[in-house]
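Novice:
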Amino acid sequence: MYYDAMRKILYVMILAGIFLIILGLWQYLPHTHSSETPNSVYMSITAKRVVFPLLGVILTALGITLLKFVGEVKKETLSLRDEIINLTKKVEKNSNNSF
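Residues 7 to 105, numbered by the numbering used here, are exactly what the sequence shown covers, in order.
1) Classify Thr38: buried if its beta carbon has 16 or more other beta carbons within 10 angstroms, exposed otherwise.
2) Is Gly23 buried or exposed, if buried means 16 or more other CB atoms sit within 10 Å of its CB?
3) Which word fits Pro36, buried or exposed, when buried means at least 16 other C-beta atoms lie within 10 angstroms of its C-beta?
4) Please list, in chain order, all residues of the same chain as Asp10 whose beta carbon is under 6 Å from its beta carbon, the five residues on each side excluded.
5) Give me the Cβ distance between Val63 and Ile27, rounded to the nearest whole Å; I'm assuming they're in contact under 8 Å.
6) Measure the C-alpha to C-alpha separation of Ser41 and Pro59 and round it to an integer number of angstroms.
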């Protein structure tokens with residue numbers, strides 16, 4: 007159903023966030039560079055050290071929050087459906103008694 011597809015998307019979102027965190031932390035490991043390495047390489051590594059973990063944390067937090075929200079919406083939908091079924095039964099019972 008709709009909820010299952012949304013849950014799968016959110017799980018992928020959480021896994022992508024975890025992957026980005028790991029990738030960002032991997033950038034902190036020492037790498038060998040020659041003395042002729044341009045400054046742009048160092049700037050790129052520094053940017054990756056900041057951006058990847060930050061995006062990973064944001065994606066993971068957003069995915070977990072939305073996953074909880076989808077679970078609550080699913081519970082509320084099932085509760086409303088049960089309540090509508092009960093009210094329909096009461097109305098049918100009352101309409102049958104009135105004739």
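In this text, a Cβ means the ideal position worked out from N, Cα and C, and glycines have one as well.
Specialist: Taking the structure as given:
1) Within the sequence shown, the letter at position 32 stands for residue 38. So Thr38 counts as exposed.
2) Residue mapping note: residue 23 aligns to position 17 of the sequence shown, counting from 1. The residue is buried, with at least 16 neighbouring Cβ atoms inside 10 Å.
3) For the purposes of this step, residue 36 is taken as the residue at position 30 of the sequence shown. So Pro36 counts as exposed.
4) Sequence index remark: in the sequence shown, residue 10 carries index 4 (1-based). Cβ neighbours of Asp10 beyond the five flanking positions: none.
5) Taking the sequence shown and counting its residues from 1, the one referred to as residue 63 is at position 57. Taking the sequence shown and counting its residues from 1, the one referred to as residue 27 is at position 21. With a Cβ gap of about 7 Å, Val63 and Ile27 count as contacting.
6) Position 35 of the sequence shown, counting from 1, holds the residue named residue 41. Position 53 of the sequence shown, counting from 1, holds the residue named residue 59. Their Cα atoms are separated by approximately 28 Å.
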